[in-house]
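Here it is as structure tokens:
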């Protein structure tokens, strides 16, 4: 094994450990022809992807493609970056170019499916997910794409089942933990969501989405918001209907004082639901900054 190969292996190991900044530093030490090898561009684009520096990812992918020729992974990185920058047409072109190089590339198929689901092309997305599942049915990316497709189609029950099955198959995978937490939050299971998001951050501390979800769940798991959990579980409309229905029923039963008390408590509850989350956010953020 040559010295550049050993250095590339060190960079890949750093990326596996979620140490993207160190990987970029290591890549910065490359000089001469090694710095412009295809693997150098692939690793640099991967590190920048981990850091969500999308403009730099796109520039690196374009440079790598210009200097080393067509490459499925670099096309995929370019497509991912353009998607995050809002250039959906450019992202589609890049992904199709990548699939022209490697038609059975699971990551590219899933990226393309996610893009199609994002823009409402759920039928096309389903075909792409099916192709990816045929090649690698238990791959984490396939699970994520299945979830995103179900969620984009408004099929929350299927999305919940997929998230549960994904976590059962990959119990330590950060994406599985994140999706499980997201669906728990949708059902108002604040404690479960908080634990799942926290475990996702522990598995991948560099992902900003996981960190933000963990922070938000920490807010809603705060003891001061405990009275609001029925509201999160049932939803605003259902909770409002229950409260109003209770007041009306008490009035019809001739229990006007009780109905008035329930109405007053409901008003206090509504005010608390508006004030408390902002207050707790300030408390939690202050502790995190200190």
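In our numbering, the protein residues as written are 196 to 485.
Think of the CB as a built atom: it goes at the ideal place given N, C-alpha and C, for glycine as much as any other residue.
What residues in its chain sit with their C-beta under 6 Å from that of residue i, if we drop five residues either side in the sequence?
i: residue 323; result: 304, 307, 308
i: residue 268; result: 237
i: residue 265; result: 296
i: residue 339; result: 370
i: residue 485; result: Caution is warranted here: a pLDDT of 44 is assigned to residue 485, below 50, making its placement in the model unreliable, and no coordinate value can be reported.
i: residue 209; result: 217, 218
i: residue 280; result: 249
Assuming residue i contacts residue j under a Cβ cut-off of 8 Å, what Cβ separation, rounded to an integer in Å, is found between them?
i: residue 354; j: residue 376; result: Their Cβ separation, rounded to whole angstroms, is 13 Å, which puts residue 354 and residue 376 out of contact at 8 Å.
i: residue 225; j: residue 202; result: 7 Å
i: residue 276; j: residue 301; result: At roughly 19 Å, the Cβ-Cβ gap does not stay under 8 Å, so residue 276 and residue 301 are not in contact.
i: residue 422; j: residue 467; result: 7 Å
i: residue 441; j: residue 463; result: That belief does not hold up - the Cβ atoms of residue 441 and residue 463 are roughly 15 Å apart, past 8 Å.
i: residue 342; j: residue 358; result: 6 Å
i: residue 337; j: residue 347; result: Rounded, the Cβ-Cβ distance is 16 Å, inconsistent with contact.
i: residue 293; j: residue 271; result: 5 Å
i: residue 263; j: residue 233; result: 4 Å
i: residue 397; j: residue 373; result: About 12 Å; that fails the 8 Å criterion.
Who are the Cβ neighbours of residue i in its own chain at under 7 Å, not counting the five residues just before and after it?
i: residue 425; result: 434
i: residue 247; result: 403
i: residue 453; result: 445
i: residue 319; result: 311
i: residue 286; result: 274, 277, 278, 310
i: residue 321; result: 344
i: residue 255; result: 236, 239, 240, 243
i: residue 420; result: 471, 472, 475
Tell me whether residue i sits in a helix, a strand or coil according to DSSP, three-state version.
i: residue 318; result: helix
i: residue 225; result: coil
i: residue 213; result: coil
i: residue 407; result: helix
i: residue 401; result: coil
i: residue 343; result: helix
i: residue 485; result: Only weak support exists for where residue 485 lies, its pLDDT of 44 falling under 50; the coordinates are left without a value.
i: residue 368; result: coil
i: residue 257; result: helix
i: residue 332; result: coil
i: residue 495; result: Look at the range of the chain in this structure, 196 to 485, and you will see that residue 495 is not part of it.
i: residue 360; result: helix
i: residue 265; result: coil
i: residue 204; result: helix
i: residue 348; result: coil
i: residue 394; result: helix
i: residue 449; result: coil
i: residue 282; result: coil
i: residue 312; result: helix
i: residue 417; result: coil
i: residue 383; result: coil
i: residue 232; result: coil
i: residue 462; result: helix
i: residue 375; result: helix
i: residue 298; result: coil
i: residue 476; result: helix
i: residue 355; result: helix
For the ligand NAP, is there a heavy atom less than 7 Å away from the beta-carbon of residue i?
i: residue 338; result: Looking at this structure, you won't find the ligand NAP or any other ligand, since it has none at all.
Might you give, ordered along the chain, the residues of its own chain that have their beta carbon closer than 8 Å to the beta carbon of residue i, omitting 5 neighbours on each side?
i: residue 213; result: 245, 399, 400, 401
i: residue 335; result: 361, 365, 368, 370, 371
i: residue 386; result: 416
Touch test, the stretch 467-478 against the stretch 409-424, Cβ-Cβ under 8 Å, three pairs minimum | yes
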